[in-house]
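Asker: Structure provided below as structure tokens; questions to follow.
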Amino acid sequence: MTKILMVCLGNICRSPLAEGILKSKLSKDSFTVDSAGTANYHIGNPPDKRSIAVAKKYGIDISNLKGRQFNASDFDAFDLIYVMDESNFKNVIKIARNDEDIAKVKFILNEVYPNQNYDVPDPYYGGDEGFENVYKMLDEACDIIVQKLNH
């Protein structure tokens with residue numbers, strides 16, 4: 005069983021979308037996908053209504069997800085940890101206990117643009133179009149992740 009964690013700031017916009025997209029593309033028998041935020045702003049809250057809406061548009065239901073905060077035990081629980089941006093990367097690395105933990109952490113858009121460390125923009129303060137753009141970025145990255153995991 006391969007376990008994958010998606011991480012953003014609040015765990016209500018980007019990471020729940022990434023979780024839902026990747027879950028929809030992988031076998032539940034072989035993979036577990038979860039998400040978390042580096043901040044504690046939205047613990048226990050559902051995803052942003054705009055994330056729920058864009059996921060639903062593409063046939064994915066993320067309405068039942070609940071925000072939670074990333075913690076050191078996630079390094080033990082997950083094989084791969086995908087972060088959405090540089091700030092998330094720095095916050096996750098700060099909690100890392102060793103090089104093995106650090107090796108699990110990757111920028112999700114490096115799957116599309118290797119070694120570029122591009123950020124998935126946070127759509128929270130924008131309109132619906134930002135959520136649509138983020139969905140498309142994450143969908144493309146998740147397609148590549150699935151290809152790698154299934155080989």
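If you use my numbering, the sequence shown closes out at 155, no skipped numbers anywhere.
Glycine included, every Cβ here is placed at the ideal spot set by N, Cα and C.
Computed from a predicted structure; not experimentally measured.
If distances are taken between C-alpha atoms only, which option among S55, G63, R54 comes closest to S28?
Answerer: Sequence index remark: in the sequence shown, residue 28 carries index 24 (1-based). Nearest of S55, G63, R54 to S28, Cα basis: G63.
Asker: For K53 and N92, what's the separation of their Cα atoms in angstroms?
Answerer: The sequence position of residue 53 within the sequence shown is 49, counting from 1. The sequence position of residue 92 within the sequence shown is 88, counting from 1. In a straight line, the C-alpha of K53 is about 22 Å away from that of N92.
Asker: Under 9 Å, Cβ to Cβ, is there at least one residue of chain B near Y139?
Answerer: The structure shown contains no chain B; it is built from a single protein chain.
Asker: Going straight from the alpha carbon of S39 to that of N102, what length do you get?
Answerer: Taking the first residue of the sequence shown as 1, we reach residue 39 at position 35. Taking the first residue of the sequence shown as 1, we reach residue 102 at position 98. If you take the alpha carbons of S39 and N102, they lie about 22 Å apart.
Asker: Measuring only the C-alpha atoms, how far is F135 from S55?
Answerer: On the sequence shown, residue 135 is found 131 positions in, with the first residue counted as 1. On the sequence shown, residue 55 is found 51 positions in, with the first residue counted as 1. Taking the straight line joining both Cα atoms gives about 6 Å.
Asker: According to DSSP, simplified to helix, strand and coil, what is N150?
Answerer: As a position in the sequence shown, residue 150 is number 146, starting the count at 1. For the record, residue 150 in the displayed sequence is Val; it is not Asn. Helix, per DSSP.
Asker: Nearest by alpha-carbon distance to Y45: which of N15, F82, V37 is it?
Answerer: One-based indexing of the sequence shown puts residue 45 at position 41. Measuring from the Cα of Y45, the nearest candidate turns out to be N15.
Asker: Return the first residue and the last residue of the alpha helix (DSSP H) that F111 is part of.
Answerer: Here residue 111 refers to the residue found at position 107 when the sequence shown is read from its first residue. Careful: F111 lies outside any alpha helix (DSSP H), inside the beta strand (DSSP E) at 109-111.
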